[in-house]
Amino acid sequence: MRAIEEIRAALPETARDVKLNLQTVLQDGVLSPAQRWGVAVASAAASRNARLRDAVIADARSAVDEAVVEDGLAAAVLMGMNNVYYRFRHLVGKPVYAEKPARLRMNRMARPMTNRADFELFCLAVSAVEGCEMCIGAHEKVVIAGGLTEDHVHDAVRIAATLQGAAVGLEIADVAPRPLEMAPAAAV
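First residue of the sequence shown: 1, per my numbering; consecutive thereafter.
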């Protein structure tokens with residue numbers, strides 16, 4: 001995790017908690033290495049922070065098969081589309097939109113390079129980052145039906161949340177620090 005350590009070092013003091021969490025959420029746990037790194041790649045790509053995305057991909061490539069990286073990236077791309085469409089349908093709340101076919105291609109979901117349950121877990125993490133309630137619910141249901149547990153879901157979302165926080169922290173670190181201005185003394 002050399003590249004991610006560089007990201008941790010670049011985070012400002014305001015991101016201290018995220019820096020600590022970034023050290024722990026990618027450690028061994030209930031998720032397999034493929035699940036952990038696929039979720040991390042998908043979440044980092046969804047964060048839209050190129051520096052974070054590239055670091056996570058670099059470390060993932062040293063830990064898992066390229067198919068995991070490719071599925072993580074594919075999940076981020078598909079959910080980038082689906083989260084907008086299905087969040088719109090949910091937020092508008094008009095039955096007429098729910099009755100219309102999406103007519104959006106999602107072939108990769110049916111034929112991932114890894115396996116369906118893991119790919120759905122990657123999609124769930126991206127949907128959590130992007131805040132699509134409808135997609136979160138749908139992917140969580142498929143993940144559980146695919147044999148994974150609520151612990152898998154929980155750990156995946158912890159990774160997604162931490163990587164999103166790291167992306168925000170990196171954006172803050174890129175802003176030139178401004179000195180605090182002193183308020184003028186009150187007249188006596």
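For glycine and all other residues, C-beta sits at the position ideal for the given N, C-alpha and C.
Which word fits THR162, buried or exposed, when buried means at least 16 other C-beta atoms lie within 10 angstroms of its C-beta?
-> buried
Where GLY169 and ILE4 are concerned, what is the direct C-alpha to C-alpha distance, given to the nearest angstrom?
-> 13 Å
Distance CB(SER127)-CB(MET79) smaller than 7 Å | yes
With burial defined as no fewer than 16 other Cβ atoms inside 10 Å of the residue's Cβ, what is the status of THR114: buried or exposed?
-> buried
Range of the contiguous alpha helix (DSSP H) that encloses CYS123 | 116-130
Minimum C-alpha distance to GLY146 - residue among GLU6, ASN107, ARG116 = ARG116
Given a cut-off of 7 Å, decide if ASN21 and ALA167 are closer than it, judged by their beta-carbon atoms.
-> no
First through last residue of the alpha helix (DSSP H) which encompasses GLY147 = Run containing GLY147: none; DSSP gives neither H nor E here.
Between which two residues does the alpha helix (DSSP H) carrying ALA45 extend?
-> 33-46
Just mark ARG53 as buried or exposed, buried being the case when its beta carbon has 16 or more other beta carbons within 10 Å.
-> buried
Specify, as a first and last residue, the run of the alpha helix (DSSP H) that LYS19 falls within.
-> 16-24
Assuming LEU121 contacts HIS152 under a Cβ cut-off of 8 Å, what Cβ separation, rounded to an integer in Å, is found between them?
-> 6 Å
Using three-state DSSP, classify LYS94 as helix, strand or coil.
-> coil
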